[in-house]
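Beneath this line is the structure, given in structure tokens, with notes to follow.
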Amino acid sequence: MLNFFLFFIFGQFKDTIYFKGDSIFYNPEEEKIVLKGNAYIRYRDIELFSDSCTFLRKEELLIAKGNPVLISGKDTLKGSLMRFNIKTQKGFVYKGKSKVEKGFVWGEKIYKTEKKVIKGYTGFFTTCELSEPHYYFTSKKMKVIIDDAVIATPVLMDIEEIPILILPFWVFPISKDRKSGFLIPRPGRNSNLGLYIRDLSYYFVINNYMDLTLNLDLYERKGALFGVDFVYILYKKISGNFKFTYTREIDTKMKRWSLIGNHDQILPLGFNLKARSDFVSDKKYILEYSDIRAQRVKSESESEISLSRSFKIGSFLINSNYKKDFINKIERMNLPKINLTIFQKDLKILRTSASFSYLREIYRDTILKEERSGFMAGNAIGINKIIFDVLNLNANLNTKAGILNKDTTGRNYPFLKSLNLNTSLGTKIYGISIFKIPPFEKFLHTMTISTGYSFAPYIKNPPVKPFLGLGECRRKSILSFNLANDYETKLKNERLHILSFVLSRNYNIIEKEWSNINLNGYLLRTLPFNFSFSLIYYKDEKKWKDLNIYLSGNIPLKILSDFLFNSNVSPWNMNLTYTYKNIGGAKGFLNFNIQGGLTKNFFINFHASYDTERKIFVERSISITRNLHCFSARFNWHRIGNIWDYDFKIWITKIPDVKFERGLFEAILPKE
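In terms of our numbering, the sequence shown opens at residue -1 and continues consecutively.
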């Protein structure tokens, strides 16, 4: 009866308004309903709970007291006093609390000014759901755009009641979609740059296929460094990213810059376009400013653009390349390089192909600038055949002819030729052990024996520096001998390579002279450890010399970490590499990396590079990450040579890096 009576009174509404309470009073003259005790009102998707509530029909206004709770869709608004217009869905809450997509907004006064807009005054925002949150942002004015962002001005951040950051304004995204906005900055200190703040960045979402990041780094001793990072992916046919940085240092007045990126594109008719840029102003720019270890140790840069296409009987490639060696101060440019290969065919035992190349190269160092160009045509014929089911025969005949722009005497357009014949004959011999050594199965020994012959006739060519595979063509007649041994077994039905090594030696028929003996080997290739080595036996000195050793391994430390900590922490893992060279002096480097969890939310990563001959650390770094209930913090420290830096970053786990919404200046100051 009550629902029918109220529907009759308020029949002008398109939907029924439901009222419920311990006591309901209706004043027909004032068109007012008063609910007392467990008041409940529902209209469309709006629900209101409170101790008492008054509804004024003419104003279409709800006035709720006593811990009112308003639920509209996914959003909740609480307070001690509430006024709400059910038609316009605008209202006011005193001492209110609102739950939004990724957090909570408290305010001395909260206004719901539009359907998806909430404004708060003298309040705070947090993503922590605890009654006493670990952190919050305090502000005099806040604007909440539902499923979008919280905008506040000014902002004071408190962690455990300790103020740590103040900003004139800030925006907290609460949308599930990516948004334009600010990224989290990283303060730190560097031995050369002084105190700094990196990644003062604005991230701009252009559309679903393109992003643009504008970056500003501030350095105490060098000033400002500006950066632009452009990323794009279009319909799976075009993708790439380019980053440009620029600075004019306040102490040296030097202008320094970099342009690094790549581009991939699928063109019509099966062509592929690729570009890679790696331009920098000087050799120390990356070393001094980059916080990426691989870039810091780079001593050269290389950029290129290429257009290619493959077809049934060949391939086509046109390429332009620029390479700069900062240490030796050498620049090389290929403008352009063109390759065309045709008639690539495998006719059972016969292989054939023809190739045509054009190259224009510019070379420049501190003394010399040289330009060379030339055209080359080549032909290759190869045979591969198994003889008597045990011998593998390979033979290849390569011929080349070409014209260069000039020779070393200055004569133009010299014509050059070359011919090379290479053959090899090899076989494999297998042996298996008659015994087992538990837990291993039987052992297999594979011996590969091969011999080869290389021949080139003397051809009188004009004097030129080697170019496009053309140059001086001396008579050559060389026999080669190779002996390879491979030992393996099985462990739990998995193959295990124990040892592999190759001995090789040549005999020069013309000079009637044996070469030195080369030894190359591998140990335990299929295990987490990988060990390789090489040696040369010098026949004149009768000594093995020029030892090279490379050792790498990945060591899981799960058993140790479970014993020291507990099974809930991130398992510990260690990577180890060791490189040793003794060519013209011994050099050895040990690279060590270990990472894992100290507790469930506490992680550490340590890296070091040690020069074993000089007995000094070349590089060290440590990263410590702590995940708390609502936010995470990371401390990084890094040193390479005499350069060191450290930085600190803290971020809220429920809020992504993006901190700033488009339309900022329109939304920054909420209006009553």
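The beta-carbon is built from N, C-alpha and C at its ideal position, and this holds for glycine as well.
Predicted, not measured: the structure shown is a model, and the values here were computed from it.
As a beta-bridge residue in DSSP terms, P161 pairs with D156. For V103, the number of other beta carbons within 10 angstroms of its own is at least 16, and it is reported as buried. Bridge pairing for K543: I534 [DSSP]. Under the three-state reduction of DSSP, L285 is assigned to helix.
Judged by DSSP in its simplified three-state form, L267 adopts helix.
Separation of A273 and P526 (C-alpha to C-alpha, rounded to the nearest whole angstrom) is 36 Å.
With respect to the 8 Å criterion, G372 and N403 are classified as neighbours on the basis of their beta carbons. Contact between K56 and E27 is ruled out by a C-beta separation of about 11 Å, above the 8 Å threshold.
K335 is positioned such that its CB atom lies no closer than 8 Å to that of E329. In this structure, G259 lies away from S237, with their beta-carbon atoms at least 8 Å apart. For V462, the secondary structure class from DSSP, reduced to helix, strand or coil, is coil. Around I303, the same chain offers A273 and S318 as residues with beta carbons nearer than 6 Å, after the five sequence neighbours per side are excluded. A contact between stretches requires three or more CB pairs, one per stretch, nearer than 8 Å, and the stretch 117 to 136 fails this requirement with the stretch 588 to 596.
A residue is called buried once 16 or more other Cβ atoms fall within 10 Å of its Cβ, and M140 is buried on that count. Residue nearest to K310 within the set Y283, E298, T339 and F499 is T339 (criterion: CA-CA distance). Beta-bridge analysis with DSSP links W570 to no other residue. With a threshold of 16 other beta carbon atoms within 10 Å, T449 falls short and is exposed. Per DSSP, Q87 lies in no beta strand (DSSP E) and is assigned neither H nor E.
Residue pairing by DSSP places E302 opposite R274 and N319 in a beta bridge. Taken through DSSP and simplified to helix, strand or coil, T136 comes out as strand.
In its chain, beyond the 5 residues on either side, C126, H627 and C628 have a beta carbon closer than 6 Å to the beta carbon of H132. Taking a cut-off of 8 Å for Cβ pairs, the stretch 40 to 49 and the stretch 69 to 78 touch, as three or more such pairs fall below it.
A direct Cα-Cα distance of roughly 13 Å separates I15 from A37. Counting every other CB atom within 10 Å of its CB across the protein chains shown gives L223 a total of 16 or more, marking it as buried. Around the CB of I650, 16 or more other CB atoms lie within 10 Å, so the residue is classed as buried. Between K383 and I347 a beta carbon distance of about 5 Å is seen, short of the 8 Å cut, so the two are scored as contacting. Residue pairing by DSSP puts Y356 in a beta bridge opposite I336 and F373. Rounded to the nearest whole angstrom, the C-alpha separation of Y230 and I641 is 35 Å. Within the model, the alpha-carbon separation for K367 versus G519 is close to 43 Å.
The straight-line gap separating the alpha-carbon atoms of T577 and K488 is approximately 29 Å.
Cβ-Cβ separation between D197 and L181: approximately 5 Å, consistent with a contact (criterion under 8 Å).
DSSP places I507 in the coil class of the three-state scheme, outside both helix and strand.
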